[in-house]
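The sequence shown runs contiguously to residue 364 in full-length UniProt numbering.
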Amino acid sequence: MSAIANGIKEFVKKTIADNKVTIFSKTYCGYSIRAKDLFDDINVDYKAIELNERPDGADIQECLKELTKQSTVPNVFINQQHVGGYSDLESAYTSGKLKKLLQEAGIDTKNFFFSRAVLSTVSSGLTSFSQTLQTKSLPDLSKQLNKLQQQAKELPKRLGSLQQEFETERASFLLNKQKQENVVSSQAKGAVPVAPWVGYKGYERQMKAAIMEISKEKRNFLVPPPDETNVQFDFNAYSLTAHAALQEDQELSRMRFSLVPQHVNEETFWRNYFYRVTLIKQEILSQPPEEEKDHDETVLFSFQDNDDNSSSCEDFENEKDHQGDKLLTHDKKEDKPSEEKKHIDEKEYEGMEDWEIELRKAAI
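Here's what the structure looks like:
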């Protein structure tokens with residue numbers, strides 16, 4: 001045996017030994033194409049040696065004939081075991097022998113449940129149609145069909161990964177859902193959803209009027225905060241306050257119906273809203289609160305036209321004593337320290353951002 005023949009034989013044996021699946025093939029051979037398509041359909045990698053593209057292809061085919069007693073292509077090996085040609089490969093696939101051989105070679109066979117016949121038919125049909133178009137000088141359309149053919153071959157790989165993608169997505173959904181439930185539970189302990197202006201004592205009326213003005217201008221919800229502000233916004237933390245604001249502010253409800261989701265998503269809508277609410281609160285709380293007028297003013301003197309145009313000094317003295325007692329009692333009540341101001345229930349701040357807590361404490 002010549003040195004060239006020895007070299008060809010060593011190449012063949014080494015190729016078979018180095019690859020779990022080896023196919024000696026020819027690019028123009030229909031059965032070779034089908035054999036490669038079968039492994040593509042079940043998402044199994046292979047090493048293809050195209051004999052017609054090698055100068056020593058005829059010598060390799062002669063060597064294979066000597067080793068396997070088979071002179072045709074494709075010539076398929078799995079885990080160094082000779083399977084045969086395409087008919088042998090198709091038969092092994094149908095009987096389940098192919099799956100067993102692949103498992104023994106340590107190859108994943110989870111995609112065997114997909115309909116290889118359907119995918120193969122689609123791929124073969126596209127191949128045939130593409131070849132027809134090429135003979136009719138339609139290269140652009142043929143290029144698109146080649147792309148579709150490739151996508152058809154990749155379909156089993158994508159289907160095989162669907163289960164893992166679904167599980168990942170499900171785990172992510174459950175984690176986010178748990179986080180949201182924890183936030184809502186933390187906010188809702190012994191608390192009722194309140195609008196963003198509630199709880200600011202003497203500032204509340206002024207703050208409510210200013211915040212409700214936000215809902216009258218669409219740009220307040222479409223224009224984001226400046227980049228340099230670096231606003232950190234957690235929608236879950238504000239969900240209860242947002243719900244209360246919608247109930248109190250009908251214009252806000254109409255604006256949300258108009259903009260979400262046609263122009264902005266839910267989270268962006270509330271992020272822009274609460275950013276402007278924060279600006280309003282900071283501006284109002286930086287000033288003294290408005291003095292509320294006491295509409296129940298004490299009347300010390302009452303001039304009435306009597307028939308005799310006179311009043312009794314005794315009645316006047318009694319009235320003054322009575323008013324004096326009322327004022328004295330009122331002053332005593334004011335002098336008594338408020339237990340509510342002394343002991344603030346920290347539970348009412350539970351679930352709020354730090355800046356929100358500071359603003360509320362400053363307003364008390």
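Where is the CB? At the ideal position from N, CA and C, for every residue including glycine. All figures in this text were calculated on a predicted structure; none of them were measured in a lab.
When the Cα atoms are used, what is the spatial distance from Ser225 to Phe269? Counting from 1 along the sequence shown, the entry for residue 225 is found at position 225. Counting from 1 along the sequence shown, the entry for residue 269 is found at position 269. According to the sequence as given, residue 225 is Pro; it is not Ser. So the two alpha carbons sit approximately 12 Å from each other.
Beta-carbon proximity check, Tyr273 vs Leu252, cutoff 9 Å: By one-based count along the sequence shown, residue 273 stands at place 273. By one-based count along the sequence shown, residue 252 stands at place 252. The answer is yes: Cβ separation under 9 Å.
First and last residue of the beta strand (DSSP E) that includes Thr22? The count along the sequence shown starts at 1 and reaches residue 22 at position 22. First-last of the beta strand (DSSP E) with Thr22: 21-25.
Measuring CB to CB, does Gly85 end up less than 9 Å from Gln61? Taking the sequence shown and counting its residues from 1, one reaches residue 85 at position 85. Taking the sequence shown and counting its residues from 1, one reaches residue 61 at position 61. Contact flag unset, no.
Work out the CA separation of Arg256 and Pro288 for me, nearest whole Å. Translated into the one-based positions of the sequence shown, residue 288 becomes position 288. Translated into the one-based positions of the sequence shown, residue 256 becomes position 256. Distance between the alpha carbons of Pro288 and Arg256: 33 Å.
Which listed residue (Ala242, Lys100, Lys36) has its alpha carbon closest to that of Ser87: Counting from one through the sequence shown, the residue named residue 87 turns up at place 87. When only C-alpha atoms are compared, the closest one is Lys36.
Could I get the ranges of all uninterrupted beta strand (DSSP E) runs contained in the region 44-94, with 3 residues as the minimum, in chain order? 47-50, 75-78, 81-84
Cβ neighbours of Asn309 in the same chain (closer than 7 Å, five flanking residues each side left out): Position 309 of the sequence shown holds residue 309. Residue placement at Asn309 is flagged as unreliable, the pLDDT there being 47, under the threshold of 50; a coordinate-derived value is accordingly withheld.
Nonlocal neighbours in the same chain, by C-beta distance under 7 Å from Asp307, ignoring five residues either side: Stepping through the sequence shown from its first residue, residue 307 is reached at position 307. With a pLDDT of 48 at Asp307, under the threshold of 50, the modelled position of this residue cannot be trusted, and the question is left open.
Using three-state DSSP, classify Lys218 as helix, strand or coil. Here residue 218 refers to the residue found at position 218 of the sequence shown. Reduced to three states, the DSSP call for Lys218 is coil.
Look at Ile23 and Thr109 and say whether their C-beta atoms are less than 9 Å apart. Position 23 of the sequence shown, counting from 1, holds the residue named residue 23. Position 109 of the sequence shown, counting from 1, holds the residue named residue 109. Not closer than 9 Å, so no.
Report the three-state DSSP secondary structure of Lys9 (helix, strand or coil). On the sequence shown, residue 9 is found 9 positions in, with the first residue counted as 1. Here Lys9 sits in helix by DSSP.
So, Thr15 versus Lys65, is the Cβ gap smaller than 9 Å? What you label residue 15 is simply residue 15 of the sequence shown in a count that begins at 1. What you label residue 65 is simply residue 65 of the sequence shown in a count that begins at 1. In this structure, Lys65 does not lie closer than 9 Å to Thr15 by Cβ.
Where does the unbroken alpha helix (DSSP H) through Lys110 begin, and where does it stop? The residue labelled residue 110 in the question sits at position 110 within the sequence shown. Taken as a continuous stretch (DSSP letters only), Lys110 belongs to no alpha helix (DSSP H), as it is neither H nor E.
What would DSSP say about Tyr31, mapped onto helix, strand or coil? The count along the sequence shown starts at 1 and reaches residue 31 at position 31. Tyr31 falls in the helix class under three-state DSSP.
Do you know how far the Cα of Phe233 is from the Cα of Asp45? Translated into positions along the sequence shown, residue 45 becomes position 45. Translated into positions along the sequence shown, residue 233 becomes position 233. Whole-angstrom Cα-Cα distance: 48 Å.
Ordered list of beta strand (DSSP E) runs contained in the UniProt domain "BSD" (227-281), each at least 3 residues: none
In angstroms with no decimal places, state the Cα-to-Cα distance between Asn75 and Asn146. Taking the first residue of the sequence shown as position 1, residue 75 is located at position 75. Taking the first residue of the sequence shown as position 1, residue 146 is located at position 146. Taking the straight line joining both Cα atoms gives about 26 Å.
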